[in-house]
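K.L.:
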Amino acid sequence: MTLARDQVTHVAMLARLGLSDEEVERYRQQLDAILSHVDRLQQVDTSQVGETAQVGGLVNAWREDVRGECLPAEKALANAPKRRGDHFEVGAIQE
Amino acid sequence: MSWETVGELGARLRSGETTPAQLADHARSAIESLASLHPVLRYTGALTEHQAGRAARMLAESPEQAGPLCGIPFAYKDVLCVEGVETSAGSKILEGFIPPYTGTALQRLLDAGAVPVAVTNCDEFAMGSSNENSAFGPVGNPWDPSRVPGGSSGGSAAVVAAGAVPFSLGTDTGGSIRQPASFCGVAGFKPTYGRVSRYGLIAFASSLDQIGPFARSVEDAAHVFTAMAGHDPRDSTTSPLPVEPVATQLARGVAGMRLGVPREYMAEGLEPGVRAAVEAALAQLEKLGATLVEVSLPSTEAALSTYYIIAPAECSANLARMDGVRFGLHVDRQSLTDTYLETRGQGFGPEVKRRIMLGTYALSSGYYDAYYRQAQKVRTLIAEEFDRAFETVDALVCPTSPIVAFPKGDKSDPLSMYLCDVLTLPVNLAGLPGISIPCGLSEGLPVGLQVIGPRLGDAQVLRVARAYEAATAWHTQQPPPLPAASEAFA
Chain A
0 MTLARDQVTH VAMLARLGLS DEEVERYRQQ LDAILSHVDR LQQVDTSQVG
50 ETAQVGGLVN AWREDVRGEC LPAEKALANA PKRRGDHFEV GAIQE
Chain B
0 MSWETVGELG ARLRSGETTP AQLADHARSA IESLASLHPV LRYTGALTEH
50 QAGRAARMLA ESPEQAGPLC GIPFAYKDVL CVEGVETSAG SKILEGFIPP
100 YTGTALQRLL DAGAVPVAVT NCDEFAMGSS NENSAFGPVG NPWDPSRVPG
150 GSSGGSAAVV AAGAVPFSLG TDTGGSIRQP ASFCGVAGFK PTYGRVSRYG
200 LIAFASSLDQ IGPFARSVED AAHVFTAMAG HDPRDSTTSP LPVEPVATQL
250 ARGVAGMRLG VPREYMAEGL EPGVRAAVEA ALAQLEKLGA TLVEVSLPST
300 EAALSTYYII APAECSANLA RMDGVRFGLH VDRQSLTDTY LETRGQGFGP
350 EVKRRIMLGT YALSSGYYDA YYRQAQKVRT LIAEEFDRAF ETVDALVCPT
400 SPIVAFPKGD KSDPLSMYLC DVLTLPVNLA GLPGISIPCG LSEGLPVGLQ
450 VIGPRLGDAQ VLRVARAYEA ATAWHTQQPP PLPAASEAFA
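What follows is the structure in structure tokens.
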């Protein structure tokens with residue numbers, strides 16, 4: 000398979016990764032090589048199996064619907080790059 | 000350096016010959032003397048002092064009740080959160096991050112009186128097999144500083160292998176405890192998925208990640224596992240089943256056990272020195288009374304591809320939280336989208352970006368069925384093959400890695416690096432317990448024997464490993480002394 004440049008830039012945008020032109024080209028080549036290897040998955044006959052949902056052997060994990068401890072606002076905000084009062088500050092979402 | 004085991008140090012603490020604070024000081028100076036290997040990113044400072052004091056009180060009040068880890072110094076990987084101590088996941092994007100809470104595994108060790116001393120270097124977000132992907136520089140292997148210690152928990156393996164601390168914590172998503180244990184000549188144990196809580200572990204791939212110990216003996220690894228294991232309401236994937244007591248299992252030996260040798264794991268591609276050491280280990284287990292049975296795990300070849308879809312897919316979702324809003328690096332731009340793009344573009348290193356891209360691609364519209372869904376089906380096949388094998392054998396024995404520690408810079412092509420994990424990652428895909436223990440040297444470098452058990456068969460795995468260890472001396476081998484600092488930088 001051959002990965003096109005615009006596929007790489009599309010994926011980078013989906014992943015919100017700002018890449019330089021040089022990075023786009025490097026990842027295009029590397030992802031192409033990795034995906035060519037991974038393509039052998041297509042040869043495995045999986046017509047008789049379901050998808051793995053989990054390997055923990057658990058069915059459900061229930062608990063009482065009661066309010067527990069949570070981080071106090073001051074602790075939750077302690078690492079915030081930008082804050083305003085008791086809130087995280089972000090730039091405008093709609094322009 | 001102190002090469003004493005947890006048991007030996009515990010006896011000295013109880014006789015009053017030493018104190019937790021002295022052991023912690025000693026561990027810190029030992030780690031400082033390893034500076035040229037760069038295994039540690041920072042020291043735990045005030046927390047070390049606080050815990051040493053707490054352990055001393057526990058020992059003074061009731062020496063009999065204090066557990067085996069009380070007063071014992073250790074180091075932990077830079078992906079585990081401890082309140083008030085920086086955790087950066089080996090990444091620029093989290094540099095300076097101070098966790099607001101302590102993870103469960105760490106908390107249980109603190110409650111057992113263990114004394115953290117240092118935070119170990121690792122591949123960025125635990126992604127790598129050589130520790131060369133750390134944003135803060137690579138780690139050297141104590142056996143040969145020009146070689147890698149393995150990854151991603153390379154620093155944790157190195158500090159134990161070099162005799163600086165008796166145990167450390169790592170995490171294993173595709174082999175990140177077992178492969179560095181193999182490369183550095185120590186024991187490295189990945190418990191069953193769901194046995195040790197992941198609460199407070201910075202997530203890489205949530206369906207595969209598991210926390211586990213490095214130690215210089217199986218018994219020490221078992222002490223650490225026992226202290227950490229068990230249900231945690233804060234991690235809904237932890238098993239509510241009681242943890243089987245390990246200590247009583249350890250001394251039972253392997254006589255009468257049936258051990259499977261997966262044909263595919265002994266196939267071509269093994270270095271001759273690795274093959275020779277592992278074959279000798281298998282013969283030793285047979286001599287100890289185990290019956291060896293050849294088994295087949297035909298989907299092994301597809302496991303690598305399966306892993307390199309599922310793990311990146313999960314990482315691309317998990318790492319979405321690195322957005323520059325609530326914590327970590329923030330590169331200010333006019334629009335929110337540009338802030339994300341720049342923060343993540345500048346904050347993540349090349350391997351992390353590569354895996355986010357791969358995972359995003361595999362999950363993207365039009366490719367999901369061919370990659371992610373198909374990988375999850377092959378994963379079912381892999382798990383079923385293990386289940387079938389465990390209907391006829393008690394555990395599997397095989398090499399941990401097809402190769403010994405390689406020179407730094409030797410695997411600059413990402414795919415060649417991924418191929419290193421071919422014998423460890425099927426175990427994560429199936430959620431099984433696995434350990435690597437030293438079983439020989441190949442051209443002066445350690446070789447690891449891997450023991451794999453059925454799910455929740457953690458005690459069984461430790462029992463087989465202990466039986467081998469008790470009959471051999473490989474785990475007592477020490478790396479040659481490091482060259483003096485002036486030579487190291489010559």
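Residue numbers (numbering that gives the first Met the number 0), protein chains in the order written: chain A, 0 to 94; chain B, 0 to 489. Note that beta-carbon positions come from the ideal geometry of N, C-alpha and C, so glycine has one too.
What is the rounded straight-line gap between the Cα of glycine 348 of chain B and the Cα of serine 400 of chain B?
P.N.:
Approximately 26 Å between the Cα atoms of the pair.
K.L.:
The beta strand (DSSP E) spanning methionine 188 of chain B covers which residue range?
P.N.:
According to the sequence displayed, residue 188 of chain B carries phenylalanine and not methionine. Here the beta strand (DSSP E) through phenylalanine 188 of chain B covers 186-189.
K.L.:
Can you tell me the Cα-Cα spacing of valine 260 of chain B and serine 151 of chain B, whole angstroms?
P.N.:
About 26 Å.
K.L.:
Just to check my reading of the structure: threonine 290 of chain B and leucine 258 of chain B have Cβ atoms closer than 8 Å, yes? What is that Cβ distance to the nearest angstrom?
P.N.:
So it is a contact: roughly 7 Å between Cβ atoms.
K.L.:
Using the C-alpha atoms, what's the distance from alanine 282 of chain B back to leucine 395 of chain B?
P.N.:
In a straight line, the C-alpha of leucine 395 of chain B is about 14 Å away from that of alanine 282 of chain B.
K.L.:
With a threshold of 9 Å between beta carbons, is methionine 356 of chain B in contact with chain A?
P.N.:
Methionine 356 of chain B counts as touching chain A.
K.L.:
Whose CA, out of B:Val39, B:Ala125, B:Arg325, lies closest to the CA of glutamate 88 of chain A?
P.N.:
Ranking B:Val39, B:Ala125, B:Arg325 by Cα distance to glutamate 88 of chain A puts B:Arg325 first.
K.L.:
State yes or no: is the C-beta of isoleucine 436 of chain B within less than 9 Å of the C-beta of valine 217 of chain B?
P.N.:
Yes, the pair counts as a contact, with Cβ atoms nearer than the cut-off.
K.L.:
In whole angstroms, what separates the C-alpha of threonine 191 of chain B from that of threonine 475 of chain B?
P.N.:
Taking the straight line joining both Cα atoms gives about 27 Å.
K.L.:
For chain A, find out if any of its Cβ atoms is closer than 9 Å to the Cβ of arginine 320 of chain B; answer yes or no.
P.N.:
So, not an interface residue.
K.L.:
For cysteine 80 of chain B, is the classification buried or exposed, using 16 other Cβ atoms within 10 angstroms of its Cβ as the cut-off for buried?
P.N.:
It counts as buried.
K.L.:
Write down the C-beta distance between alanine 204 of chain B and glutamate 313 of chain B rounded to the nearest angstrom, noting that I regard them as a contact closer than 8 Å.
P.N.:
Confirmed, about 4 Å.
K.L.:
Quick check on glycine 439 of chain B: buried or exposed, where buried means 16 or more other Cβ atoms within 10 Å of its Cβ?
P.N.:
Buried: at least 16 other Cβ atoms inside 10 Å.
K.L.:
Any beta carbon of chain B sitting closer than 9 Å to that of glutamate 22 of chain A?
P.N.:
Output row for glutamate 22 of chain A: interface = yes.
K.L.:
How many angstroms separate the CA atom of aspartate 64 of chain A from the CA atom of lysine 74 of chain A?
P.N.:
Roughly 24 Å separates the two Cα atoms.
K.L.:
For alanine 75 of chain A, which residues in chain B fall below 7 Å Cβ to Cβ?
P.N.:
Within chain B, the residues near alanine 75 of chain A are Pro99.
K.L.:
Considering serine 435 of chain B, what are the terminal residues of the alpha helix (DSSP H) in which it resides?
P.N.:
Premise fails: serine 435 of chain B lies in the beta strand (DSSP E), 433-441, not in any alpha helix (DSSP H).
K.L.:
For the pair the region 17-28 of chain A and the region 370-379 of chain B, tell me if three or more CB-CB distances fall below 8 Å.
P.N.:
The region 17-28 of chain A vs the region 370-379 of chain B: no contact.
K.L.:
In chain order, which beta strand (DSSP E) runs of at least 3 residues are fully inside the region 329-353 of chain B?
P.N.:
Those beta strand (DSSP E) runs which fall completely within the region 329-353 of chain B and span 3+ residues do not exist here.
K.L.:
Taking alanine 3 of chain A as the query, report the chain B residues whose CB atoms sit under 7 Å from its CB, ordered along the chain.
P.N.:
Those within 7 Å of alanine 3 of chain A in chain B number zero; the least Cβ separation is about 12 Å.
K.L.:
Once you ignore the five residues that flank leucine 362 of chain B on each side, which residues in its own chain have a CB closer than 7 Å to its CB?
P.N.:
Ala312, Ser315, Tyr371, listed in sequence order.
K.L.:
Which residue spans inside the region 22-76 of chain B form an unbroken alpha helix (DSSP H) run of at least 4?
P.N.:
Runs found: 44-60.
K.L.:
Quick check for students: name the residue ranges of the alpha helix (DSSP H) that lie wholly in the region 80-112 of chain B, counting only runs of 4 or more.
P.N.:
You should have 103-110.
K.L.:
Just to confirm, is the Cβ distance from glycine 112 of chain B to proline 19 of chain B under 9 Å?
P.N.:
Result yes, Cβ atoms of glycine 112 of chain B and proline 19 of chain B sit closer than 9 Å.
K.L.:
Output yes or no for whether 9 Å exceeds the beta carbon distance between arginine 194 of chain B and valine 426 of chain B.
P.N.:
No, they are not a contact pair.
K.L.:
State the Cα-Cα distance for the pair alanine 354 of chain B and glutamine 47 of chain A, rounded to the nearest angstrom.
P.N.:
One detail in the question is off: residue 354 of chain B reads as arginine in this sequence, not alanine. Their backbone Cα atoms lie some 30 Å apart in a straight line.
K.L.:
Under 8 Å: do the region 60-78 of chain B and the region 155-167 of chain B share three or more Cβ pairs, one atom per stretch?
P.N.:
Taking 8 Å as the limit for Cβ pairs, the verdict is that the region 155-167 of chain B does touch the region 60-78 of chain B.
K.L.:
Hey, how far is the Cα of valine 421 of chain B from the Cα of histidine 86 of chain A?
P.N.:
C-alpha separation (whole angstroms): 46 Å.
K.L.:
Measure from the C-beta of phenylalanine 203 of chain B to each C-beta in chain A and report whether the shortest distance is under 9 Å.
P.N.:
With 9 Å as the cut-off, phenylalanine 203 of chain B does not count as an interface residue toward chain A.
K.L.:
Only counting runs of 4 or more residues, tell me where the alpha helix (DSSP H) segments fall wholly within the region 269-293 of chain B, in order along the chain.
P.N.:
Fully enclosed alpha helix (DSSP H) runs of 4 or longer: 271-286.
K.L.:
Of all the options B:Leu68, B:Ser235, B:Ala29, B:Ala161, which has the alpha carbon lying nearest to the alpha carbon of valine 223 of chain B?
P.N.:
The shortest C-alpha separation from valine 223 of chain B is found at B:Leu68.
K.L.:
Quick check: the region 266-286 of chain B against the region 86-95 of chain B, are there 3 or more CB pairs under 8 Å?
P.N.:
Cβ pair count under 8 Å is below three, so no.
K.L.:
Flag arginine 83 of chain A as yes if its beta-carbon sits less than 9 Å from any beta-carbon of chain B, otherwise no.
P.N.:
False, the Cβ-Cβ gap to chain B never drops below 9 Å.
K.L.:
For asparagine 120 of chain B, is the classification buried or exposed, using 16 other Cβ atoms within 10 angstroms of its Cβ as the cut-off for buried?
P.N.:
By the neighbour-count rule (16 or more Cβ atoms within 10 Å), asparagine 120 of chain B is buried.
K.L.:
Under the three-state reduction of DSSP, which class applies to cysteine 121 of chain B: helix, strand or coil?
P.N.:
Three-state result, cysteine 121 of chain B: coil.
K.L.:
Provide the residue span of the beta strand (DSSP E) that contains glycine 259 of chain B, from first to last.
P.N.:
Segment 257-261, the beta strand (DSSP E) holding glycine 259 of chain B.
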